[in-house]
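These notes are about the structure you will find just below.
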Amino acid sequence: MLPNKCQKGLTILDTIVTLFFVGILVGVVIPQYQKVALAAQEAALKAELANIRTGIQLFQIRYKRNPASIREMMEKKILLPARIGSAPATWSFFEKRFLLKQAVDAEGGKLDAFGNPFLYDPVKGEVRSSTGGYAEW
1 MLPNKCQKGL
11 TILDTIVTLF
21 FVGILVGVVI
31 PQYQKVALAA
41 QEAALKAELA
51 NIRTGIQLFQ
61 IRYKRNPASI
71 REMMEKKILL
81 PARIGSAPAT
91 WSFFEKRFLL
101 KQAVDAEGGK
111 LDAFGNPFLY
121 DPVKGEVRSS
131 TGGYAEW
């Protein structure tokens, strides 16, 4: 059967032009995505370091010593005051851990946003990330 002249389809030129535009889009979108993903990981790392440091301070206030490890802060609990309602005499207490058990490795050690463990010095009570380039945060 002879092809009908009314039938339309993609030619090689159409396919090449389409692939060219897709290539340009991929070349622009992927680097932007990587920048946004890195910024999100850095923000998460800053927030987690702030949380751990606050947990260390609470632990020091409660127990009058530095925690032996980050894991100890994830296991021990503290009673914290909370206001219920707007009346001045409606205080209550709730039990919380110094640190939540989120993003932990197989041994139960806390991981940063890049998937690396936090480094903790129990003598100084200081914590930092083991991810290269972020150790001084």
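Numbering (the working numbering), first residue to last: 1 to 137. The beta carbon of each residue, even a glycine, is placed where N, CA and C say it ideally should be. The model shown is predicted, which means the values in this text are computed figures rather than measured ones.
- Here residue 30 carries a helix assignment [DSSP, helix/strand/coil].
- Taking C-beta separations shorter than 7 Å and ignoring five residues to either side along the sequence, the partners of residue 105 in its chain run 111 and 117, following chain order.
- DSSP assignment within the region 53-116 yields the following whole beta strand (DSSP E) runs of 3 residues or more, N-terminal first: 77-83 and 91-97.
- Taking a contact as a CB-CB distance under 8 Å, the pair residue 137 and residue 38 does not count as one, their CB atoms being some 14 Å apart.
- Taking a C-beta distance under 7 Å as the contact criterion, residue 98 and residue 41 do not qualify as a contact pair.
- Contact between residue 127 and residue 134 does not hold, since the beta-carbon distance rounds to 12 Å and is not under 8 Å.
- Residue 95 is positioned such that its CB atom lies closer than 7 Å to that of residue 77.
- Assigned with DSSP and collapsed to three states, residue 42 falls in helix.
- In this structure, the beta-carbon distance from residue 108 to residue 71 falls below 7 Å.
- Taken through DSSP and simplified to helix, strand or coil, residue 119 comes out as strand.
- Note on geometry: alpha-carbon atoms of residue 35 and residue 26 lie some 14 Å from one another.
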